[in-house]
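K.L.:
Count along the sequence shown from 1, add 23, and you get the number used in the numbering used here. Even for Gly, the Cβ is constructed at its ideal location relative to N, Cα and C. Provided herewith is a single structure, encoded as structure tokens, for subsequent inquiry.
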Amino acid sequence: MDDESVRIPEMVLVSSNGHKMPVLGMGTSASPLEGSEETKTAILQAIEMGHRHFDTATLYLTEEPVGEAIAEALSRGLIKSRDELFITSKLWCSDAHGDLVLPALKKSLRNLQLEYLDLYLIHWPVSSRSGTYEFPINKGDLLPMDFKSVWEAMQECQDLGLTKSIGVSNFSSKKLSDILAFAKIPPAVNQVEINPLWQQKKLREFCKANGIVLTAYAPLGTRGTIWGSNRVMENEVLKEIATAKGKSVAQVCLRWAFEQGVCVVVKSFNKGRMRENLEILNWTLSEEESRMIGEIPQSRGCRGEDYISEKGPVKTIEELWDGEI
24 MDDESVRIPE MVLVSSNGHK MPVLGMGTSA SPLEGSEETK TAILQAIEMG HRHFDTATLY
84 LTEEPVGEAI AEALSRGLIK SRDELFITSK LWCSDAHGDL VLPALKKSLR NLQLEYLDLY
144 LIHWPVSSRS GTYEFPINKG DLLPMDFKSV WEAMQECQDL GLTKSIGVSN FSSKKLSDIL
204 AFAKIPPAVN QVEINPLWQQ KKLREFCKAN GIVLTAYAPL GTRGTIWGSN RVMENEVLKE
264 IATAKGKSVA QVCLRWAFEQ GVCVVVKSFN KGRMRENLEI LNWTLSEEES RMIGEIPQSR
324 GCRGEDYISE KGPVKTIEEL WDGEI
């Protein structure tokens, strides 16, 4: 694919006055979590290839290298203005308190050397003791989130123009319903684990009905994370389809998500794979191939337990999402 021809489609974010988000984003989380010169170099290479959507978070410790890459891309003329990019960051659990949201966003903006974000997300639907940035979270630091005060603060961030859109991550349909019941600005996006082995069909239906764009993280599975496995990339159905199409398993996964109307955030700092990720836009899966993927047995890769530390029983992801802490 000629770099000059790369034009990534965009989705309109309904609750954000027509603000558009590229359907393919580049993630910057890594395990172990650390920012690095490698991140900056990879972002610059991605911008040169045509990537315009970059996803970071306070937790990832990559806001600063992402910001440095953006500044260098501007100085080198790789982009004409910051407005050409779509930048997402996230509010960590220890800042998920009504009075801490705005200061946390301002800190992220300083790290990124930006005047505004395109999208600011609540990272998880739980809070933790303020002032701690431990990962995994100590079970004793977990707190129930005051959704109303946190979401009102998120709305203030958008009203102030510090972010063009606001949304959530790892929220179930029930938790989204809780916010929709009082939100003046509905969540524009819900970023969750979605891949052929965890297709989230009910959540996709709920979000579509409520004008919320779903973004998939771990679209290739959870390899490379602290809880990681390679189940997605080793799936025999996906391998069979990839061989028949002359594509990689990763490309089949990304194309499948794209055809479901889902945005994807995929992390790779390998130049060849970054290019491969862009090459999912000019071919399609057949009806039979889509049916085969739809029948793959389902199991979650990312679990709430993986975000909590301490010996002894811990809350399940269902309790974290839909129950009380």
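On the CB-based measure, 16 or more other CB atoms within 10 Å of its CB, does Val-321 come out buried or exposed?
P.N.:
This sequence places Gln at residue 321; Val is not what is there. It is exposed - the Cβ of Gln-321 has fewer than 16 other Cβ atoms within 10 Å.
K.L.:
Going by other Cβ atoms of all chains shown within 10 Å of its Cβ, with 16 needed for buried, is Ile-249 buried or exposed?
P.N.:
Because the pLDDT at Ile-249 is just 48, under 50, the model does not fix this residue reliably, and the point stays unresolved.
K.L.:
Taking Pro-88 as part of the beta strand (DSSP E), name the residues at either end of that continuous run.
P.N.:
Run containing Pro-88: none in the beta strand (DSSP E); it sits in the alpha helix (DSSP H), 86-98.
K.L.:
Rounded to whole angstroms, what's the CA-CA distance from Phe-194 to Ile-202? Just pull it up for me.
P.N.:
If I take the Cα positions, the gap works out to 10 Å.
K.L.:
From the DSSP output, in three-state form, read off Trp-279 for me.
P.N.:
Helix.
K.L.:
Closest Cβ-Cβ distance between Lys-197 and chain D: below 8 Å?
P.N.:
No chain D appears in the structure shown, which is made up of a single protein chain.
K.L.:
Could you tell me the distance, in whole angstroms, from the CA atom of Phe-292 to the CA atom of Thr-62?
P.N.:
Cα-Cα distance, rounded: 7 Å.
K.L.:
Run through DSSP, which three-state label would Ala-65 get?
P.N.:
Helix at Ala-65.
K.L.:
Measure the beta-carbon distance from Glu-87 to Ser-131 and round it to whole angstroms, keeping in mind my assumption that it falls under 8 Å.
P.N.:
With a Cβ gap of about 10 Å, Glu-87 and Ser-131 do not count as contacting.
K.L.:
With DSSP as the reference, label Thr-155 as helix, strand or coil.
P.N.:
DSSP places Thr-155 in coil when its eight states are reduced to three.
K.L.:
Unbroken beta strand (DSSP E) runs of length 3 or more, entirely within the region 206-278: which are they?
P.N.:
As far as the region 206-278 is concerned, its whole beta strand (DSSP E) runs of at least 3 residues are 212-216 and 236-240.
K.L.:
Rounded to whole angstroms, what's the CA-CA distance from Ala-358 to Val-288? Just pull it up for me.
P.N.:
Only positions 24 to 348 of the chain appear in the structure, and residue 358 is not among them; the question remains open.
K.L.:
Quick one, are the C-beta atoms of Ile-217 and Ala-232 less than 8 Å apart?
P.N.:
No, Cβ-Cβ distance for Ile-217 and Ala-232 is not below 8 Å.
K.L.:
Could you pull out every unbroken beta strand (DSSP E) segment of at least 3 residues lying fully inside the region 285-332, listed in chain order?
P.N.:
Correct list: 286-289.
K.L.:
Val-149 by DSSP, collapsed to three states: which one?
P.N.:
It is coil, neither helix nor strand.
K.L.:
If you draw a straight line from the alpha carbon of Gly-327 to that of Pro-148, how long is it in whole angstroms?
P.N.:
Low local confidence applies: a pLDDT of 49 at Gly-327 is under 50, so the model's placement there is unreliable, and no value is given.
K.L.:
Where does Pro-126 sit, in a helix, a strand or coil, going by DSSP?
P.N.:
Of the three classes helix, strand and coil, the one that applies to Pro-126 here is helix, per DSSP.
K.L.:
When the distance is taken between beta carbons, is Met-49 closer than 8 Å to Lys-43?
P.N.:
No; because the gap between Cβ atoms is not below 8 Å, this pair is not in contact.
K.L.:
Taking C-beta to C-beta, are Leu-108 and Phe-77 nearer than 8 Å?
P.N.:
Against a cut-off of 8 Å, the Cβ pair of Phe-77 and Leu-108 comes out as a contact.
K.L.:
Under three-state DSSP, which class holds Met-168?
P.N.:
Of the three classes helix, strand and coil, the one that applies to Met-168 here is coil, per DSSP.
K.L.:
Below 8 Å between beta carbons: does that hold for Val-46 and Ile-31?
P.N.:
Taking 8 Å as the Cβ cut-off, Val-46 and Ile-31 qualify as a contacting pair.
K.L.:
Does DSSP put Gly-184 in a helix, in a strand, or in coil?
P.N.:
Reduced to three states, the DSSP call for Gly-184 is coil.
K.L.:
Going by DSSP, what residues sit across from Gly-48 in a beta bridge?
P.N.:
For Gly-48, which the question treats as bridged, DSSP gives the partners Val-288.
K.L.:
Quick one: grab the DSSP three-state call for Asp-78.
P.N.:
Looking at Asp-78 - three-state DSSP - the assignment turns out to be strand.
K.L.:
Hey, out of Phe-281, Ala-273 and Gly-317, whose CA is closest to Met-297's CA?
P.N.:
Per the Cα distances, Ala-273.
K.L.:
Using the C-alpha atoms, what's the distance from Trp-221 back to Cys-276?
P.N.:
About 11 Å.
K.L.:
Is the distance from the Cβ of Met-168 to the Cβ of Ser-153 below 8 Å?
P.N.:
Cβ distance not < 8 Å, so Met-168 and Ser-153 don't count as in contact.
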